[in-house]
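Encoded as structure tokens, the structure appears first; notes follow it.
Number of protein chains: 2
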Amino acid sequence: MPTQSETCLPAGRAGILRTPHGDIKTPAFVAVATKADIKGIDVRLFPELGIQTIISNTYHLYLSPGEQLIDKAGGLHKFMAFDGPIMTDSGGFQVFSLGEGFGKKVSKVQPEHEGLAKGSRAPVHLSLLQEPSVPAFYDSELATSHGKLAIVDEEGVSFTSHVDGSFHRFTPERSIEIQHKLGADIIYAFDECTSPAADKAYQKEAMDRTHRWADRSLKAHRQNLAANAAQGIYGIVQGGRYADLRIESARTLAAMDFDGYGIGGSFSKQDILGILDKVNRELPNDKPRHLLGIGEPEDIFIGVEAGIDTFDCVLPTRNGRTGGIYTTRGKVQIPNAEFREDFGPLDEGCACPVCLKHTRAYVHHLFRTHEMLGPILASMHNIFFLTNLVSQIRQSILDGNFHAFRDTFLGSYGKV
Amino acid sequence: MPTQSETCLPAGRAGILRTPHGDIKTPAFVAVATKADIKGIDVRLFPELGIQTIISNTYHLYLSPGEQLIDKAGGLHKFMAFDGPIMTDSGGFQVFSLGEGFGKKVSKVQPEHEGLAKGSRAPVHLSLLQEPSVPAFYDSELATSHGKLAIVDEEGVSFTSHVDGSFHRFTPERSIEIQHKLGADIIYAFDECTSPAADKAYQKEAMDRTHRWADRSLKAHRQNLAANAAQGIYGIVQGGRYADLRIESARTLAAMDFDGYGIGGSFSKQDILGILDKVNRELPNDKPRHLLGIGEPEDIFIGVEAGIDTFDCVLPTRNGRTGGIYTTRGKVQIPNAEFREDFGPLDEGCACPVCLKHTRAYVHHLFRTHEMLGPILASMHNIFFLTNLVSQIRQSILDGNFHAFRDTFLGSYGKV
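Here it is, written out as structure tokens:
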């Protein structure tokens, strides 16, 4: 963690990410709407929760209700009644983490990189308001194993649905085809997510395949002229916890004509946070960078400082559903007995719609009596907490006091 | 059901029910907020759902979080952040239907009616905008048995919590004491709810005891000068499915100085709907009448015509949680396959916040993928449907076309 004496480091970048459905002020927190909804929160509440943009899930929406239905509805924006910017990830992470398979089988095929002309109009464009950033400090930790749950071959991945066990197959082309029908503003190349326990040889092999899949994803996207104009496509940097692989991955993808870049996890944030800066230095400065699946308060500071523009994370809603509440002093469990007679807001000074109206004692009561309004209010507060934090971080960059803001925030965070 | 030729009957009454926390335009649907929340719906959404007033539950709030805590919070209005009119029922129904007991034991004690002076200021007052009503027609049906689950004696009821099996005792005085601490605008006398299977002799015995408890409840309320000024108290008419007992009960309670009257169910609406008019004719015309726990669309027309002012019913939210949606053509199950590709609103022409934004296909998807937003949106729509229906009924009374409105509505309702 940087100390005050290190605040001579640059402080991340503030910008505006232009998309077909409006601008995103970056850095930005991207709320997770896996199945075309944020759990428990109606789209009408998005503005007051500071939600500029969301990320939905290709794997989940492909399984139900299916991309054909969403296409019939007029695309994801119309289906879920949200007219702001939407991302869809490629399904790679979910296929490997949720899809149930029967072992692992990898057949090797030669890569076939080839350059692809970019469309005449860039659907996604980042305007930087600041200079680029440099390193943050983070100690990597070895992560635990997740195992493999799908059959990988050079062409794609075969897997069975986690819902009903039915058999499915994704290829880069199929993932892009589905994402075209879903119609998000930003789509992702199909990637292979490795287990953190995989050895370096396998990480390298999977990364190389991900690069070939990136090329095929890009080609499949650029060949669809309609989608090419309406949707931007991000490549996904992989390489596990190995800095040299990550750098190689970023360099390889940077040479491809993506509209932006996602930095993929390997099921563990410790794999990636410490080498983010090295990755970002390889990526084009004028293109947006999204850190996939990581966005706890302490991680966001590290990511922003390393030059990340957008983050998504399920934890604000996942924690919220079990009573975990973000506060400026750290996370608390609102169902705990200590909050039974606490008539203050969830977080002192918070301007979210929940804190302006309700007390800890009330939300505690809702959890204790198993009322679903408890998880709803907790999720609302948590999402606001994250969007508001990132908004404050953005302002601190523009004001030139990012490090002071970070030190103040982190100085009290975790003190409960 | 009355036919067009019977529309010479009066059409119920429209009025304004004044309470310490504002006016209720009657007839009104009272949304159920059992544990100090409407399931899944934040208080901030009440106005746009047409929610003027709610009813919370003394039994549930006594068990958790306890009336002492709500008192510390500043009362129920502050605890749940709702500053409109609130009712609390007395807990009688829940003690008998949810409280787990060990048989039934009734000891007889002589009634001790005695007149009680009314407070100098009436906290609850009904201004009628119309003449009183007369009969509706409804065929009573024999109801099924529920059994008895608590020990009743002349002084009160002993029961064990449905949550943790702990032992508790309610008396009329204790119920009123709890309701004073909860601080609702309208509280209810403590009553004994009988099983519809009970014979007439027992119904009579229980009713007589309920009258003695009404008298004790009223006395306990009037003795508390602070509560007397801030809370109105309703007596509860009982008597099961026997018209003569219901009439006797209404007549007996009418002679007591209550601020209004609830008409209690006996676990089955068939027991009471057919004799509502006879009951209401015994009750003072200038005092409000609430039909407890009954409020499906078809019942509301019957109740209004018979002179009921307010209704409460859990079904809009209970149905909503399992995908039951009210429409002008009757209830539909939105998770059914037929709605998978239905891009219309939940109910054609509905102006609720859900129908203005979302499609049947989207809400269907949310239910099919077990997203809690499905139950939330369905509950929101259903509550609006009921409050809006009652609001339209009110307007039809004021416009002198209640019967035409009723016939039009019921002519299409149930046609899906």
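Each protein sequence line maps, in turn, to chains A and L.
For the first sequence, the working numbering begins at 36 and goes up steadily by one.
For the second sequence, the working numbering begins at 36 and goes up steadily by one.
Note that beta-carbon positions come from the ideal geometry of N, C-alpha and C, so glycine has one too.
Worksheet item: Taking Cβ-Cβ distances below 7 Å as the criterion, which residues of the region 81-108 of chain L are in contact with chain A?
Response: 99, 100, 104, 107, 108
Practice prompt. Entirely within the region 57-131 of chain A and at least 4 residues each: give me those alpha helix (DSSP H) ranges in chain order.
Written response: 93-98, 102-107, 111-115
Fill in: DSSP state of residue 266 (chain L) mapped onto helix, strand, coil
coil
Item to complete: For residue 396 (chain A), count neighbouring Cβ atoms within 10 angstroms of its own Cβ and tell me buried if that reaches 16, exposed if not.
Response: buried
Practice prompt. Kindly list, in the order they appear in chain A, the residues whose Cβ is closer than 8 Å to that of residue 203 (chain L).
Written response: Per Cβ cutoff of 8 Å: no residues; residue 203 (chain L) is ~16 Å from chain A at best.
Worksheet item: Should residue 75 (chain A) be flagged as near chain L, meaning a C-beta pair shorter than 7 Å?
Response: yes
Worksheet entry | Contact set between residue 388 (chain L) and chain A, taken where Cβ atoms lie within less than 7 Å | 79
Worksheet item: residue 198 (chain A) and residue 132 (chain A) look like a contact to me (Cβ under 8 Å); what is the Cβ gap, rounded to whole Å?
Response: That pair is no contact at about 14 Å.
Fill in: Reference residue 231 (chain L); option with closest CA among L:49, L:191, L:304, L:373
L:304
Worksheet item: For residue 407 (chain A), which residues of its own chain have a beta-carbon under 6 Å away from its beta-carbon, when the five flanking residues on both sides are left out?
Response: none
Fill in: Touch test, the region 315-330 of chain L against the region 338-354 of chain L, Cβ-Cβ under 8 Å, three pairs minimum
yes
Practice prompt. State the Cα-Cα distance for the pair residue 140 (chain L) and residue 125 (chain L), rounded to the nearest angstrom.
Written response: Residue placement at residue 140 (chain L) is flagged as unreliable, the pLDDT there being 36, under the threshold of 50; a coordinate-derived value is accordingly withheld.
Discussion item. If you measure between the beta carbons of residue 164 (chain L) and residue 63 (chain L), is that distance less than 7 Å?
Written reply: no
Worksheet item: What residue from A:278, A:312, A:252, A:295 has the CA that sits closest to residue 339 (chain A)'s CA?
Response: A:312
Item to complete: Give the interface partners of residue 403 (chain L) over in chain A, defined as CB-CB distance under 9 Å, in chain order.
Response: 99, 100
Discussion item. Counting C-beta neighbours from all protein chains within 10 Å, is the total for residue 129 (chain L) 16 or more, i.e. buried, or is it exposed?
Written reply: buried
Fill in: Simplified DSSP assignment, three categories, for residue 37 (chain A)
Because residue 37 (chain A) sits at a pLDDT of 34, beneath the cut-off of 50, its placement in the model cannot be relied upon, and the following sentence gives the value as read from the coordinates. Coil, per DSSP.
Worksheet item: What are the boundary residues of the alpha helix (DSSP H) that residue 444 (chain A) is part of?
Response: 437-447
Fill in: Presumed contact (8 Å Cβ cut-off) between residue 419 (chain A) and residue 370 (chain A), rounded CB distance
Contact doesn't hold; Cβ gap of about 20 Å is too wide.
Practice prompt. Please list the partners that residue 406 (chain L) has in chain A, where partner means a Cβ-to-Cβ separation under 7 Å.
Written response: 70, 72, 74
Worksheet entry | Local Cβ density within 10 Å of residue 148 (chain L), reported as buried at 16 or more and exposed below that | Annotation note: pLDDT 30 at residue 148 (chain L) (below 50); position unreliable, coordinate value reported separately. Exposed, because fewer than 16 other Cβ atoms sit within 10 Å of the Cβ of residue 148 (chain L).
Worksheet item: Taking Cβ-Cβ distances shorter than 7 Å, what residues in chain L pair up with residue 376 (chain A)?
Response: 104, 107
Item to complete: Verify whether the separation of the beta carbon atoms of residue 159 (chain A) and residue 69 (chain A) is less than 7 Å.
Response: no
Worksheet entry | Candidates A:337, A:122, A:428, of which the one nearest residue 219 (chain A) by Cα | A:122
Item to complete: Could you spell out where the beta strand (DSSP E) holding residue 366 (chain A) opens and where it closes?
Response: 365-368
Item to complete: Assign residue 209 (chain L) to buried or exposed, taking buried as 16 or more other Cβ atoms, counted over all protein chains shown, within 10 Å of its Cβ.
Response: buried
Discussion item. Counting C-beta neighbours from all protein chains within 10 Å, is the total for residue 437 (chain A) 16 or more, i.e. buried, or is it exposed?
Written reply: buried
Item to complete: Put residue 329 (chain L) into one of helix, strand or coil per three-state DSSP.
Response: coil
Worksheet item: Given 8 Å as the limit, is there contact between the region 410-428 of chain A and the region 355-362 of chain A, that is, 3 or more CB pairs closer than that?
Response: yes
Fill in: Separation of residue 409 (chain A) from residue 91 (chain A), as counted between CA atoms
24 Å
Item to complete: Can you grab the Cα-Cα spacing for the pair residue 268 (chain A) / residue 56 (chain A), in whole Å?
Response: 15 Å
Discussion item. Please tell me whether residue 47 (chain L) and residue 298 (chain L) are closer than 7 Å, where the distance is taken between their beta carbons.
Written reply: no
Item to complete: Could you check which residue in A:229, A:216, A:233, A:238 has the C-alpha nearest to that of residue 261 (chain A)?
Response: A:216
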